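A.B. asks: The structure follows.
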Amino acid sequence: MLNLLNKLEDARKRRDTFRQQLDTLPKRLKELAARQKALEARQPDPFSHVTEALRDQYDAERHSVQAEIQNLLRQNSAAEARLAAIPHELEQRLPEKLNLQQRLAETRRQFLQPDQPSTPVSDVSHLEAQLQFLITEVQALETERQWLIQRGPLHDMLLRVAQTQLAYLQKDLLTIARALNKTYDHEQAELSEKILELEQEVEMTTEPLEELRVEIHLETARLRQITADYRQKLNRLNNDIMSQEQLTVQERQDADRIAALFEKYANGESGGELLLLAFERLRLERQRFRDTSVKGLEAELRAFTKLLYKAEDQLYHYNHQAQLRTEGSLPVDQTLPVSLRQAFDEQKVALRDQQQVLAMIAQAHTALRSLH
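Mapping of the sequence shown onto numbering that gives the first Met the number 0: position 150 corresponds to residue 149, and the numbering continues sequentially without gaps.
What follows is the structure, encoded as structure tokens:
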């Protein structure tokens, strides 16, 4: 009996939840319409100052909104399948309800007749609880069906808001990427001027330790110039990943749609035709997605992985190599000049920075390769 009462309480909660969702539907639609209006009136951000951290922040937001859209589409597919299944469940409960009503009427009749064997009150109470549970379960199913029918505008508005957010984030990311490229171009131009100055300074320097210091600064400038070029490459890769992710998300949505259609129209000729159309669309989309050369991506990944290993090896042996470079120019009893030590430290920082950028490029290549 306790188990039956718990099931009755759960059925009431489900029914009341769907009723509450129906009651709050107009308010939610109004709020979403206002939010959509505010999004459409939003002015593009000029981004006076951009950094790679800012790009990462916007990219994380983009991934979050993409996941939200994917979840909304899955919820809608599940809702469609559920809506198709409810009539069958209601049909199954109808004979159960009639049977329980008949049994309850017979039990009550026996309970009220003095010439009949005594019928326990608990039997009547149990049948009444069973009938009440079944009635509440039917009410919950009917309310759920009503909610699923009327939730369409809410789903459409939620999806519209999320897609608008995604569109703005993608535009912002492209704006940030262009601004970053300008920053890298400016950095490379400044480094080119500095390299010319340092090359001239090397030719004019005669003192060994001073010449070594200038040479290290020159190497560091060239190292940073190459790193700036790598950063541009990484920026382009991130844009390619964003574009490819959009295509991949569409492919997954189509696959989820096929699964939902299969569940909704498991039987029936019209359902089979819809499935064939969905499969054909997915096949064409996948063929289009694979046009990008996977071999080219793999070749680039191998090349940058070699550069990454080289940078890591240089970092590992850097202190030893720095010591070897000073042995011929530095007397045994003389400590390393502060200016020269600072030059070595700056070069090591620049080398570590390049190693980190190369690692991110390798990671980006791997991510892009996984999307094809």
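Each residue gets a CB set at the ideal place from its N, CA and C atoms; glycine is no exception.
Computed from a prediction, not measured in an experiment: that's the story for all the values here.
(1) Would you check if the distance between the CB atom of residue 314 and the CB atom of residue 354 is smaller than 8 angstroms?
(2) So the candidates are 187, 225, 136; which of them puts its Cα closest to the Cα of residue 91?
(3) Report the residue ranges of all alpha helix (DSSP H) runs contained in full by the region 84–152; include only those spanning at least 4 residues, in chain order.
(4) Going by the CB atoms, is the gap between residue 78 and residue 147 shorter than 8 angstroms?
(5) To the nearest whole angstrom, what separates the beta carbons of residue 128 and residue 4, a pair I think is in contact under 8 angstroms?
(6) For the region 359–371 and the region 337–345, state whether three or more C-beta atom pairs, one from each stretch, are separated by less than 8 angstroms.
(7) In this structure, how does DSSP classify residue 335 when only helix, strand and coil are distinguished?
(8) Quick one: grab the DSSP three-state call for residue 154.
(9) Sorted by chain position, which residues of the same chain lie with C-beta nearer than 7 angstroms to residue 46's C-beta, five sequence neighbours on each side aside?
(10) Pick helix, strand or coil for residue 43, following the three-state DSSP scheme.
(11) State whether the region 184–195 contacts the region 238–247, with contact taken as three or more CB pairs (one from each stretch) at a distance under 8 angstroms.
(12) What's the gap between the Cα of residue 170 and the Cα of residue 223?
(13) For residue 319, report the span of its alpha helix (DSSP H) as first-last.
(14) Give me the Cα-Cα distance between residue 200 and residue 182, rounded to the nearest whole angstrom.
(15) In this structure, does DSSP put residue 49 in helix, strand or coil?
C.D. replies: Looking at the atomic coordinates:
(1) The sequence position of residue 314 within the sequence shown is 315, counting from 1. The sequence position of residue 354 within the sequence shown is 355, counting from 1. Cβ distance < 8 angstroms, so residue 314 and residue 354 count as in contact.
(2) For the purposes of this step, residue 91 is taken as the residue at position 92 of the sequence shown. It is 136 whose Cα lies nearest to the Cα of residue 91.
(3) 120–149
(4) Position 148 of the sequence shown, counting from 1, holds the residue named residue 147. Position 79 of the sequence shown, counting from 1, holds the residue named residue 78. A contact, by the Cβ cut-off of 8 angstroms.
(5) Here residue 128 is taken as the residue at index 129 of the sequence shown, counted from 1. Here residue 4 is taken as the residue at index 5 of the sequence shown, counted from 1. Sure, about 7 angstroms apart at Cβ, within 8 angstroms.
(6) no
(7) Sequence index remark: in the sequence shown, residue 335 carries index 336 (1-based). If DSSP states are grouped into helix, strand and coil, residue 335 belongs with coil.
(8) For the purposes of this step, residue 154 is taken as the residue at position 155 of the sequence shown. Of the three classes helix, strand and coil, the one that applies to residue 154 here is helix, per DSSP.
(9) For the purposes of this step, residue 46 is identified with residue 47 of the sequence shown, where counting begins at 1. Cβ within range, chain order: 174, 175, 178.
(10) As a position in the sequence shown, residue 43 is number 44, starting the count at 1. Looking at residue 43 - three-state DSSP - the assignment turns out to be coil, as it is neither helix nor strand.
(11) no
(12) As a working note, residue 170 is residue 171 in the sequence shown. As a working note, residue 223 is residue 224 in the sequence shown. Residue 170 and residue 223: Cα-Cα distance of roughly 29 angstroms.
(13) For the purposes of this step, residue 319 is taken as the residue at position 320 of the sequence shown. Note, residue 319: alpha helix (DSSP H), 317–326.
(14) Position 201 of the sequence shown, counted from the start, is the residue given in the question as residue 200. Position 183 of the sequence shown, counted from the start, is the residue given in the question as residue 182. Their backbone Cα atoms lie some 27 angstroms apart in a straight line.
(15) In the sequence shown, counting from the first residue as 1, residue 49 sits at position 50. Looking at residue 49 - three-state DSSP - the assignment turns out to be coil, as it is neither helix nor strand.
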